[in-house]
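Trainee: Anchor point for the sequence shown: position 149 equals 922 in our numbering, and the numbering is continuous, going up by one each time.
By construction, the Cβ of each residue, glycine as well, lies at the ideal position given by its N, Cα and C atoms.
All values derive from a computational prediction rather than experimental measurement.
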Amino acid sequence: MTPRQRHQTLCYTIEGLNSFATVLYFTYLYFLLYDRFGYDDKARLAVAALLGLVYAGSAWQAGKFAQRRGNFTALKVGLGIMAAGYAVASQLNTAAGQIAGAVVISLGMCFTWPVLEALVSEGEEPGHIPHAVGLYNITWAWTNAAALFLGGAIVEKLGYASLYYLPLGILALQWALTVSLEKIKLPAAAPLCATPPEPGQVPAARNQHFVRLAWLANPFAYIAINTLIAVLPGVAMKFGLSPMLAGFACSLWGFARLAAFVVLWRWSGWHYRFGWLASAFALLVLSFAIILTVPNLETVLAAQVVFGAAIGLIYYSSLFYSMDDSDTKAEHGGIHEAAIGIGNCVGPAAGAAALWLAPQSMNAGAWSVSALLALGFGGLVWLRKKT
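1. Hey, which unbroken runs of the alpha helix (DSSP H) at 4 residues or more fall wholly within the segment 779-848?
2. Assign E956 to buried or exposed, taking buried as 16 or more other Cβ atoms, counted over all protein chains shown, within 10 Å of its Cβ.
3. Could you tell me the alpha carbon to alpha carbon distance between P940 and A978, rounded to whole angstroms?
4. What is the residue span of the alpha helix (DSSP H) that M1017 lies within?
5. Given that a residue counts as buried once 16 or more other Cβ atoms are within 10 Å of its Cβ, and exposed if not, what is M774?
6. Closest to N910 by C-alpha separation, out of G1013, V893 and F922, would be which residue?
7. Measure the Cβ-Cβ separation of L908 and G1027 and say whether it is below 9 Å.
8. For M882, count neighbouring Cβ atoms within 10 angstroms of its own Cβ and tell me buried if that reaches 16, exposed if not.
9. Can you give me the C-alpha to C-alpha distance between S1091 and A987, rounded to a whole angstrom?
10. Please state whether the Cβ-Cβ distance between L1130 and A1139 is less than 9 Å.
11. So the candidates are L1086, L1065, S1052 and T1066; which of them puts its Cα closest to the Cα of S1041?
12. Looking at the unbroken alpha helix (DSSP H) that takes in N1136, where does it start and where does it end?
13. Whole angstroms are fine: how far does the CA of A875 sit from the CA of F799?
14. For G973, does the count of other Cβ atoms within 10 angstroms reach 16, so buried, or fall short, so exposed?
15. Within 10 Å of its beta-carbon, does F1047 have 16 or more other beta-carbons around it, so buried, or fewer, so exposed?
16. Between which two residues does the alpha helix (DSSP H) holding T1066 run?
17. Give every residue of the same chain whose Cβ lies closer than 8 Å to the Cβ of Q781, excluding the five residues on either side of it in the sequence, and list them in chain order.
18. In terms of residue numbering, what span does the alpha helix (DSSP H) encompassing A894 cover?
19. Taking the C-alpha atoms as reference points, what is the distance between V861 and A869?
20. Pair every Cβ in the segment 1050-1061 with every Cβ in the segment 1137-1156, then say whether three or more of these pairs are closer than 8 Å.
21. What's the C-alpha gap between A1112 and V1119?
22. State whether the segment 1073-1080 contacts the segment 1012-1028, with contact taken as three or more CB pairs (one from each stretch) at a distance under 8 Å.
23. How about F804 and P1121: are their beta carbons less than 9 Å apart?
24. For A847, count neighbouring Cβ atoms within 10 angstroms of its own Cβ and tell me buried if that reaches 16, exposed if not.
25. If you check the beta carbons only, do S863 and A934 fall under 9 Å apart?
26. Would you mind giving the Cβ-Cβ distance between F1124 and A1019, rounded to the nearest angstrom? I have them listed as a contact below 8 Å.
27. Using the three-state DSSP reduction, which class does P969 fall into: helix, strand or coil?
28. By a C-beta neighbour count over all protein chains shown, 10 Å radius and 16 as the cutoff for buried, is G811 buried or exposed?
29. Closer than 7 Å by C-beta to L880: which residues in its own chain qualify, once you throw out the five before and the five after it? Chain order, please.
30. Please say whether R985 and I1051 have beta carbons closer to each other than 9 Å?
31. Please state whether the Cβ-Cβ distance between G1149 and G825 is less than 9 Å.
32. Distance check for A829 and E890, CA to CA, integer angstroms please.
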């Protein structure tokens, strides 16, 4: 195995472990808040908005820190902060203590994702970046879906303490792998400016236009995702599902997103085509509203397939256009993650506000967030026409 192959293998392994641990914790944290402290949809959405605000405010700066101080320094800082957050939260038995622990873990996570995004694409020739980004997306998506699917069963069989101790064990493994990764010496890559443009290479202005479009769309995808995750206990209650069955039934969108990533990785026909991005956004709005408002489990399952495919294309677009033709990959990764944080904050905040203003309506939060998504779609079309 060449140094490059060892480097990529370790990067994808660390990334997959990071995805599984963080999704397990942050998804089933809302079940813990519901079961132990009686947090209703409004309260859980408020917590989700807080965590999104923390992530949005820190991810961009974390990406800039990694660009200045080095990827491995930033990654170790992030893993250390996350470990401290899990350790502290495991010893606190109040809702405020759990939320404080989640804030610390969110801060640490800000340092991991921009770095991992940069590590898999830095040093690659421009023509190889789509392949590297595709593998990156597939890796985190399948462990993400696995955590969604298995998380409820883990909590039922091992208890809520598993939300802390299992991620702590994974973090220890990630740290060891990071130390091994840092020791690999890669051959220096030629600077982009010394590389003649390849036939069919996308002009910089066109790339920047699609970067802006995708950076607008991706926060709205996460508006939908983080709202859905925060209200999952309510969805489970509506259909009479235990946490384990909720994990089985409500993880379908994660597997649909994974399938979308595989298709988008192998097929490049969607690159720099606005119609694909716009269609995905429109389907996102429709499927989100169906999942949270239709009282039929079979319909909800079908809508999850559409939802997963739509957010798959939107996320893939944001990361691909951010990494394509970029010399500051960690900083661009930080901006990409900050945009995710904005979505993670705004969606739940809108849902919580709607439930506060109209407490008599069970679907007030769902409809308010759906309206917000529709406004985002209008903004995407406006930006396209304006440019």
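Mentor: By the coordinates alone:
1. 814-842
2. It is Lys, not Glu, that sits at residue 956 in the sequence shown. Looking at its Cβ environment, which holds fewer than 16 other Cβ atoms inside 10 Å, K956 is exposed.
3. 42 Å
4. P1016 to A1022
5. exposed
6. V893
7. no
8. buried
9. 5 Å
10. no
11. L1086
12. Counting along the chain, N1136 falls outside any alpha helix (DSSP H), and DSSP gives it neither H nor E.
13. 8 Å
14. Summary for G973: the model assigns pLDDT 49, below 50, so the residue's position carries little reliability; its value from the coordinates is reported in the next sentence. G973 is exposed by the Cβ-count criterion.
15. exposed
16. F1047 to T1066
17. V893, A905 and L908
18. Residue 894 is actually Ser in this sequence, not Ala. Here the alpha helix (DSSP H) through S894 covers W886 to S894.
19. 12 Å
20. yes
21. 11 Å
22. yes
23. no
24. buried
25. yes
26. Note on residue identity: the sequence assigns Gly, not Phe, to residue 1124. Contact flag wrong, Cβ pair sits at about 19 Å.
27. Only weak support is given to the placement of P969: the predicted model assigns it a pLDDT of 46, under 50, and the question is left unresolved by the model.
28. exposed
29. V827, S831 and I854
30. A small fix is needed here, since residue 1051 is Ala in this sequence, not Ile. Not a contact, by the Cβ cut-off of 9 Å.
31. no
32. 17 Å
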